[in-house]
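> Next up is a structure, given as structure tokens.
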Amino acid sequence: MKKILIAFAAASLLGACASTPSKNTVVSVEPAIPTVKSHDKQVVAYIRTWPIGSTPKDMDMGRRWRASDIQGNQLTTLNLSFGLIRNGTEVYIKDLEPQPNSDKTATIAPFANMWDEVAKLQSQYPHLKVNVSIGGWGADGFSQMARTPETRKQFIANVIKLIDEHKLAGIDYDWEYPVGPDWLPIAKDPSDKENYPKLLEETKAALNQYGAKTGKQYQLSVAVPAAAWFLQNIDVIRVAKSVDYMKVMAYDFAGSWSKKTSHHTNLYQNKADPEGGGWSADQAMSLYLNAGVKPEKLLMGSAFYGRAWQGVASTNNGLFNAYKKAAYDDGITWQDIKALKAKGATRYWDPVAKAPWLFDGDLMVTYEDQESLKYKAQYIKSKQLGGIMVWEYGHDMDSELPRVINQSLM
1 MKKILIAFAA ASLLGACAST PSKNTVVSVE PAIPTVKSHD KQVVAYIRTW PIGSTPKDMD
61 MGRRWRASDI QGNQLTTLNL SFGLIRNGTE VYIKDLEPQP NSDKTATIAP FANMWDEVAK
121 LQSQYPHLKV NVSIGGWGAD GFSQMARTPE TRKQFIANVI KLIDEHKLAG IDYDWEYPVG
181 PDWLPIAKDP SDKENYPKLL EETKAALNQY GAKTGKQYQL SVAVPAAAWF LQNIDVIRVA
241 KSVDYMKVMA YDFAGSWSKK TSHHTNLYQN KADPEGGGWS ADQAMSLYLN AGVKPEKLLM
301 GSAFYGRAWQ GVASTNNGLF NAYKKAAYDD GITWQDIKAL KAKGATRYWD PVAKAPWLFD
361 GDLMVTYEDQ ESLKYKAQYI KSKQLGGIMV WEYGHDMDSE LPRVINQSLM
């Protein structure tokens with residue numbers, strides 16, 4: 001903080017206590033840090049319950065987040081990720097469950113104190129909506145649970161119980177994905193087409209009923225893919241009527257599954273991209289907007305992590321090239337991306353896609369940074385979208401990128 005300089009009257013030099021500064025007072029202060037109160041958009045972050053980091057070493061260290069790690073004034077909502085479904089209708093969080101230790105001599109819950117940390121957050125940031133997100137990639141149980149009115153009712157009762165026990169602000173469903181496609185690793189069924197919106201409608205009704213008792217409003221949101229096949233399978237207008245927000249996962253456009261390096265969370269398509277296929281955040285948001293979803297219900301997804309490849313040729317500084325193998329299987333965090341830059345990796349910018357990448361020797365990294373986020377914020381404002389969603393806060397524990405988001409959304 002810059003010093004506040006005050007020129008006191010002459011009497012103060014003799015030891016008198018001046019109650020007010022003179023008319024010559026000079027005050028210099030730093031501008032206030034932008035927060036979510038600086039604009040009217042949603043800034044929603046997921047935060048995972050498993051260890052923070054990018055590498056196997058990080059996973060072995062087992063470091064979980066604490067309330068003191070989170071700058072809640074930079075967020076409107078924090079989604080604890082993930083709740084899972086078991087025994088048909090039960091909801092649980094794996095890292096809160098006892099698990100065998102490394103030598104299997106005892107059991108311990110890896111994140112046993114998570115609810116204590118949540119309570120601290122709720123106390124420090126009363127405006128912050130803390131929700132549990134149920135699902136995630138490869139999380140099974142949705143299709144089976146949603147098939148009958150009885151199982152949906154019991155599941156929703158367990159959701160309400162979870163909200164009540166931990167004073168949550170709502171619930172998020174990340175069902176990846178109802179109906180299909182065929183390559184999904186979870187159970188799916190054609191009846192998901194009808195059962196998915198029914199689940200949402202019945203959940204919203206239960207939240208409203210619970211809210212009538214508590215005098216509060218409770219949030220329901222869903223995560224949805226950036227893919228046209230989802231809109232072919234699901235009535236997204238019906239979905240939108242039941243939820244507060246639809247968070248479009250506008251990332252992972254490229255990765256270990258790609259034949260060549262590319263951008264994974266670009267705002268616009270670059271037609272020079274042989275792997276692109278039209279993938280971009282703009283393409284993703286346009287799918288839902290063109291289908292008739294109200295823009296204020298849509299949140300654009302952003303990634304606080306990168307995708308990376310090794311054995312990449314230097315042509316075009318590594319962009320749109322073949323590679324030998326993928327790097328950082330779980331994604332590379334913003335913190336580790338900054339460390340690569342500090343060690344000499346060169347940053348490049350695609351002015352068409354509005355996306356950065358790093359190239360270092362034969363390593364190429366596609367990621368999100370301050371410049372690309374500013375363009376996304378401009379897009380969000382111009383399209384009158386509801387805001388932005390990020391996966392995930394633990395990849396930027398200094399909240400550097402959320403500050404850029406809030407500044408750019410003003």
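Residue 36 in our numbering is what sits at position 36 of the sequence shown, and the numbering runs on without skipping anything. For every residue, glycine included, the Cβ atom is placed at its ideal position computed from N, Cα and C.
Measuring only the C-alpha atoms, how far is residue 393 from residue 201?
Going by the C-alpha atoms only, they are around 29 Å apart.
> Should residue 372 go down as buried or exposed, given a rule of 16 or more other Cβ atoms within 10 Å for buried?
Label assigned to residue 372: buried.
> Following the continuous alpha helix (DSSP H) through residue 403, name the residue where it begins and the one where it ends.
Per DSSP, residue 403 belongs to the alpha helix (DSSP H) from 400-409.
> On the three-state DSSP scale, how would you describe residue 105?
Of the three classes helix, strand and coil, the one that applies to residue 105 here is coil, per DSSP.
> Could you tell me which uninterrupted alpha helix (DSSP H) segments, each at least 4 residues in length, are contained entirely in the region 329-394, listed from first to last along the chain?
Segments of the alpha helix (DSSP H) lying fully in the region 329-394: 334-342 and 370-382.
> Is the distance from the Cβ of residue 264 to the Cβ of residue 251 below 7 Å?
Yes, they are a contact pair.
> Nearest to residue 321 by alpha carbon, out of 363, 342, 284 and 353?
Selected option, being the one with the closest Cα: 363.
> So what does DSSP say about residue 48, is it helix, strand or coil?
Strand.
> Could you tell me the alpha carbon to alpha carbon distance between residue 388 and residue 49, rounded to whole angstroms?
Cα to Cα, residue 388 sits roughly 21 Å from residue 49.
> How far does the alpha helix (DSSP H) with residue 197 in it reach, from first residue to last?
Its alpha helix (DSSP H) spans residues 192-214.
> Per the contact definition of three or more C-beta pairs closer than 8 Å, is the region 322-338 in contact with the region 304-311?
Cβ pair count under 8 Å is three or more, so yes.
> Is the beta carbon of residue 226 closer than 7 Å to that of residue 248?
Yes; because the gap between Cβ atoms is below 7 Å, this pair is in contact.
> Give the single residue among 317, 109, 155 and 90 whose Cα lies nearest to the Cα of residue 99.
It is 109 whose Cα lies nearest to the Cα of residue 99.
> Tell me where the alpha helix (DSSP H) around residue 119 begins and ends.
114-124 is the extent of the alpha helix (DSSP H) around residue 119.
> Please list, in chain order, all residues of the same chain as residue 65 whose beta carbon is under 8 Å from its beta carbon, the five residues on each side excluded.
Excluding sequence neighbours, residue 65 sits near 47, 52, 117, 393, 394 and 397.
> For residue 112, which residues of its own chain have a beta-carbon under 8 Å away from its beta-carbon, when the five flanking residues on both sides are left out?
Once the five neighbours on either side are set aside, the close Cβ partners of residue 112 are 96.
> Rounded C-beta distance between residue 298 and residue 385? I'm assuming under 8 Å.
Confirmed, Cβ separation roughly 5 Å.
> Kindly indicate the opening and closing residues of the beta strand (DSSP E) around residue 151.
That residue, residue 151, is in no beta strand (DSSP E); its alpha helix (DSSP H) goes 149-166.
> Hey, out of 40, 84, 55 and 33, whose CA is closest to residue 335's CA?
For residue 335, the nearest C-alpha among the options comes from 55.
> Helix, strand or coil: how does DSSP classify residue 307 here?
Here residue 307 sits in strand by DSSP.
> Helix, strand or coil, according to DSSP, for residue 323 in the structure here?
Three-state result, residue 323: coil.
> Is the distance from the Cβ of residue 142 to the Cβ of residue 183 below 7 Å?
Cβ distance not < 7 Å, so residue 142 and residue 183 don't count as in contact.
> Tell me the residue span of the alpha helix (DSSP H) that contains residue 61.
56-61 is the extent of the alpha helix (DSSP H) around residue 61.
> Can you give me the C-alpha to C-alpha distance between residue 351 and residue 330, rounded to a whole angstrom?
For residue 351 and residue 330, the distance between alpha carbons rounds to 27 Å.
> What span of residues does the alpha helix (DSSP H) with residue 242 cover, start to end?
Run containing residue 242: 236-242, per the alpha helix (DSSP H) assignment.
> Given this structure, state the Cα-to-Cα distance separating residue 410 from residue 179, to the nearest angstrom.
For residue 410 and residue 179, the distance between alpha carbons rounds to 39 Å.
> On the criterion of 16 or more Cβ atoms from any shown chain inside 10 Å, does residue 25 qualify as buried, or is it exposed?
In this prediction, residue 25 has a pLDDT of 49, which is less than 50 and means its spatial position is unreliable; what the coordinates show is noted afterwards. Answer is exposed; the Cβ neighbour count stays below 16.
> Do residue 293 and residue 261 come within 7 Å of each other at the CB atom, strictly closer than that value?
Contact: no.
> By Cβ distance, which residues of its chain are closer than 8 Å to residue 101, with the 5 residues on each side in sequence left out?
107 and 108, listed in sequence order.
> Give me the Cα-Cα distance between residue 274 and residue 204, rounded to the nearest whole angstrom.
Each residue's alpha carbon lies about 43 Å from the other.
> Within 10 Å of its beta-carbon, does residue 165 have 16 or more other beta-carbons around it, so buried, or fewer, so exposed?
It counts as exposed.
> Using DSSP with H/G/I as helix, E/B as strand and the rest coil, what is residue 35?
Looking at residue 35 - three-state DSSP - the assignment turns out to be coil, as it is neither helix nor strand.
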